[in-house]
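Line order of the protein sequences matches chains B and G. Using our numbering, the first residue of the first sequence is number 1, and each one after it goes up by one. Using our numbering, the first residue of the second sequence is number 1001, and each one after it goes up by one. Working notes, beginning with the structure itself.
Number of protein chains: 2
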Amino acid sequence: MNVKRAGNQTVVFSDPPVILSSYSVVGPMEGKGPLASTFDRIWQDNKQGEESWEKAESKMLQEAMQGAITSSGILEDEIDFMLAGDLMNQIISSNYAARQFGFPFIGLYGACSTMALGMAVGSMLMDGQYARNVLVGTCSHHDSAERQFRMPTEHGNQRAMSAQWTVTGAGSVILGKGKTGPRITSATIGRILDYGEKDISNMGGAMAPAVADTILNHLRDLQRSPSDYDLIISGDLGAVGLSLCKEILLKSGIPIGQEFSDCGVKIYDQSQDVHAGASGCGCSAVVFAGEIMQKLRQGIFRRVLLVSSGALHSPTSAFQGESIPAIGHAVAIEA
Amino acid sequence: MNVKRAGNQTVVFSDPPVILSSYSVVGPMEGKGPLASTFDRIWQDNKQGEESWEKAESKMLQEAMQGAITSSGILEDEIDFMLAGDLMNQIISSNYAARQFGFPFIGLYGACSTMALGMAVGSMLMDGQYARNVLVGTCSHHDSAERQFRMPTEHGNQRAMSAQWTVTGAGSVILGKGKTGPRITSATIGRILDYGEKDISNMGGAMAPAVADTILNHLRDLQRSPSDYDLIISGDLGAVGLSLCKEILLKSGIPIGQEFSDCGVKIYDQSQDVHAGASGCGCSAVVFAGEIMQKLRQGIFRRVLLVSSGALHSPTSAFQGESIPAIGHAVAIEA
């Protein structure tokens, strides 16, 4: 077969795109968490002078993207596609950011899986020679997500112990060509799994099977084991989903251990009272653009598998009694 | 430059994917319009036994996709990616359709531009050798869109004369390899233009500049003129947007004439009282999968430019005083 594929679900790049730059912007709460020193910019409040949380969210994505562009050294004229998406209805945060930049724009919807989805599709567009450089980014905002998906934010609704806290944050990368720097060497686009979970306060549990499926397929397709990676990190399974996912992998005969972690577990500490951890498109975006990219550049990580996870329901589908379809998309990055 | 690009914004395929099959499903009103005979299936009511309009919309997309798969003769195992999106919040129609199929799934959001966006991205994944076959589809439903974007559907709100009627319809194509059949030879991913239009009852007016921009860039990139196409057809500008777009093109020195039309103008007739025409992701999807594919197969059209158009606002952004960002994505198809 002539296609650049391995196994059933993984694509392998013949000219792996280099991550020329990354940039992360987070809100005040994320800026007090354990990863604070890894973020490029920390906002002192959740609106940063904007009239609404939604406008602030779009501005945050613009800042992250502008930061990635500036630190890449690439001219804006040399960026051929912008790929972005977010949690807002009709992905308005991304659309209004795309309006400001004016790049040819591919809008994505993968909920919290958007960062890895964008990097995967962007890598195919790069390696396929359709672009010189590609801008990828995503964002989420606690307050805009809260009122869209759950309750009026000011209501301060009591949260279940399995619930996760939507990250206020935006992360962006520039994919390009270069001799040095971390490269995206393969990608596994996930398929939707839905084991019937209907509890929107347990999205980690809903997403765990889909993330496990993508990790299993990735490893099988490339005939690798977890120990071939310094880090396998899911997007936002949180504590509940991470332990479920680990259990599924172990029962499937995958010897996964300390190298497996979750961005949603890392971004806040226990004192921040977020229950099962973090979620949101911004979660894996800022952990990847921050800590993971730092450690790849420093040579601490040589090979990482980022598996951003998405819960693909809506409030309407939940009200209509539907369960939560979930997905995980994976990209392998090598220093 | 090594990339498969022409000019600033257009990608040209070295091994143009063949459209192996297409399938369209529409609602009863579309089934009474002038294109009725070109659709593969016409539903007799808007719910078709489902509990809600949203569930019916997802079912309609599944039917269109299943129809495209069946008539392509391709085995499901040979489909490497499904690309889909729709107007529903969090693109639930596509997500629940993707759940039923289980293909590796790339969710898109381009509002009514989704059909051309999916075909453009799908073509890059095909021509770049990342897939053997790609399934592309999109849908919209009048009643689910009405209550999400405007008023309770049963309210029967009076509509402005510039307003358009969301199509109840789903269209799908399979991209693959083959010796015969219509091929996607190039694609132009649009950029967002926003001239400040805030009237959500005039989306054709809001989208006209972006569609004109994409047509201009496509023609300039490939050094072509409108007469090189048998048909240049926008997605859902409607009567107001189409005449505005024509005016912009003529003032820009593009001699566009009878070859320029709009799916949103063609799908209903005057007696159906839809005011400025049709809109919705399903609009350009069913006109393309129906009439245009028929005429490409029959050799009546040799080269067509489909420019699906999208208005990328949300009710929230409109309530917050934002104007409507718009985009047009183009794919050139040759018999």
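Using N, Cα and C, we set each Cβ at its ideal position, and we do this for glycine too. Here the structure is a predicted model, which is why all the values come from computation and not from measurement.
What's the call for residue i, buried or exposed, on a 16-neighbour Cβ count within 10 Å?
i, result
"residue 161 (chain B)", "exposed"
"residue 1008 (chain G)", "exposed"
"residue 164 (chain B)", "buried"
"residue 1001 (chain G)", "Its pLDDT being 40, under 50, residue 1001 (chain G) is placed unreliably in this model, and the value from its coordinates should be taken loosely. By the 10 Å Cβ count, residue 1001 (chain G) comes out exposed."
"residue 217 (chain B)", "buried"
"residue 223 (chain B)", "exposed"
"residue 1325 (chain G)", "buried"
"residue 361 (chain B)", "Residue 361 (chain B) cannot be examined here, being either before or after the span of chain B that is shown, 1 to 335."
"residue 1157 (chain G)", "exposed"
"residue 1205 (chain G)", "buried"
"residue 1322 (chain G)", "buried"
"residue 1306 (chain G)", "buried"
"residue 23 (chain B)", "buried"
"residue 1138 (chain G)", "buried"
"residue 264 (chain B)", "buried"
"residue 1198 (chain G)", "exposed"
"residue 1072 (chain G)", "buried"
"residue 1142 (chain G)", "buried"
"residue 215 (chain B)", "buried"
"residue 298 (chain B)", "exposed"
"residue 166 (chain B)", "buried"
"residue 91 (chain B)", "buried"
"residue 15 (chain B)", "exposed"
"residue 257 (chain B)", "exposed"
"residue 1300 (chain G)", "exposed"
Which residue from the options puts its Cα closest to that of residue i?
i, options, result
"residue 1140 (chain G)", "G:1205, G:1203, G:1085, G:1033", "G:1085"
"residue 340 (chain B)", "B:131, B:153, B:288, B:53", "A question about residue 340 (chain B) goes unanswered here, because the residues of chain B that appear run from 1 up to 335."
"residue 1096 (chain G)", "G:1060, G:1079, G:1305", "G:1060"
"residue 304 (chain B)", "B:335, B:282, B:119", "B:335"
"residue 1281 (chain G)", "G:1117, G:1220, G:1186", "G:1117"
"residue 1147 (chain G)", "G:1255, G:1045, G:1052, G:1284", "G:1052"
"residue 1087 (chain G)", "G:1180, G:1004, G:1243, G:1109", "G:1109"
"residue 1026 (chain G)", "G:1015, G:1045, G:1014, G:1019", "G:1045"
"residue 1231 (chain G)", "G:1074, G:1296, G:1177", "G:1296"
"residue 209 (chain B)", "B:315, B:269, B:191", "B:191"
"residue 55 (chain B)", "G:1261, G:1316, G:1240", "G:1316"
"residue 1178 (chain G)", "G:1207, G:1172, G:1244, G:1017", "G:1017"
"residue 1260 (chain G)", "G:1166, G:1014, G:1238, G:1276", "G:1238"
"residue 1211 (chain G)", "G:1048, G:1170, G:1174, G:1262", "G:1262"
"residue 203 (chain B)", "B:34, B:14, B:248, B:314", "B:314"
"residue 1048 (chain G)", "G:1036, G:1034, G:1063, G:1040", "G:1063"
"residue 1184 (chain G)", "G:1247, G:1302, G:1099, G:1077", "G:1302"
"residue 1195 (chain G)", "G:1182, G:1188, G:1213", "G:1213"
"residue 1240 (chain G)", "G:1275, G:1120, G:1188", "G:1275"
"residue 1111 (chain G)", "G:1093, G:1292, G:1247", "G:1093"
"residue 286 (chain B)", "B:79, B:6, B:36", "B:36"
Starting from residue i, find everything on chain G with Cβ-Cβ shorter than 8 Å and list it in chain order.
i, result
"residue 54 (chain B)", "1316, 1317, 1320"
"residue 207 (chain B)", "By Cβ distance, chain G contributes nothing, its closest Cβ being about 13 Å from residue 207 (chain B), past 8 Å."
"residue 190 (chain B)", "1104, 1105"
"residue 124 (chain B)", "1124, 1125, 1128, 1130"
"residue 194 (chain B)", "1099"
Show which residues of chain B have a CB atom less than 8 Å away from the CB atom of residue i.
i, result
"residue 1088 (chain G)", "314, 316"
Quick one: is the Cβ of residue i within less than 7 Å of any heavy atom of the ligand FMN?
i, result
"residue 1262 (chain G)", "No copy of the ligand FMN occurs in the structure displayed, which carries no ligand at all."
Taking C-beta pairs closer than 7 Å, name the residues in chain G that residue i reaches, listed in chain order.
i, result
"residue 11 (chain B)", "1130"
"residue 250 (chain B)", "Neighbours of residue 250 (chain B) on chain G: none; closest Cβ ~24 Å, over 7 Å."
"residue 327 (chain B)", "1105"
For residue i and residue j, which I take to be in contact (beta-carbon distance under 8 Å), what is that distance rounded to the nearest angstrom?
i, j, result
"residue 234 (chain B)", "residue 242 (chain B)", "7 Å"
"residue 115 (chain B)", "residue 101 (chain B)", "With 8 Å as the limit, residue 115 (chain B) and residue 101 (chain B) do not qualify as a contact, their Cβ atoms being about 18 Å apart."
"residue 1122 (chain G)", "residue 1020 (chain G)", "About 12 Å; that fails the 8 Å criterion."
"residue 57 (chain B)", "residue 144 (chain B)", "5 Å"
"residue 1290 (chain G)", "residue 1038 (chain G)", "4 Å"
"residue 1010 (chain G)", "residue 1221 (chain G)", "4 Å"
"residue 1266 (chain G)", "residue 1104 (chain G)", "Going by Cβ atoms, the distance from residue 1266 (chain G) to residue 1104 (chain G) rounds to 34 Å, so no, they are not a contact pair."
"residue 1120 (chain G)", "residue 1174 (chain G)", "About 15 Å; that fails the 8 Å criterion."
With a threshold of 8 Å between beta carbons, is residue i in contact with chain C?
i, result
"residue 230 (chain B)", "The structure shown has no chain C; the protein chains it does contain are B and G."
Mind checking the segment 107-122 of chain B against chain G and listing, in chain order, the residues whose C-beta falls within less than 8 Å of any C-beta there?
Residues 107, 108, 109, 110, 111, 117, 121.
Taking beta-carbon pairs under 7 Å, can you tell me which members of the segment 148-172 of chain B lie near chain G?
If the cut-off is 7 Å between Cβ atoms, the segment 148-172 of chain B has nothing near chain G.
If you measure beta-carbon to beta-carbon, which residues of the segment 1090-1105 of chain G are closer than 7 Å to chain B?
Under the 7 Å Cβ criterion, the segment 1090-1105 of chain G contributes 1090, 1091, 1092, 1095, 1096, 1098, 1099, 1102, 1103, 1104, 1105.
Tell me which residues of the segment 61-91 of chain B have at least one Cβ-Cβ distance to chain G shorter than 9 Å, keeping chain order.
Answer in chain order: 77, 80, 81, 82, 85, 87, 88, 89, 90, 91.
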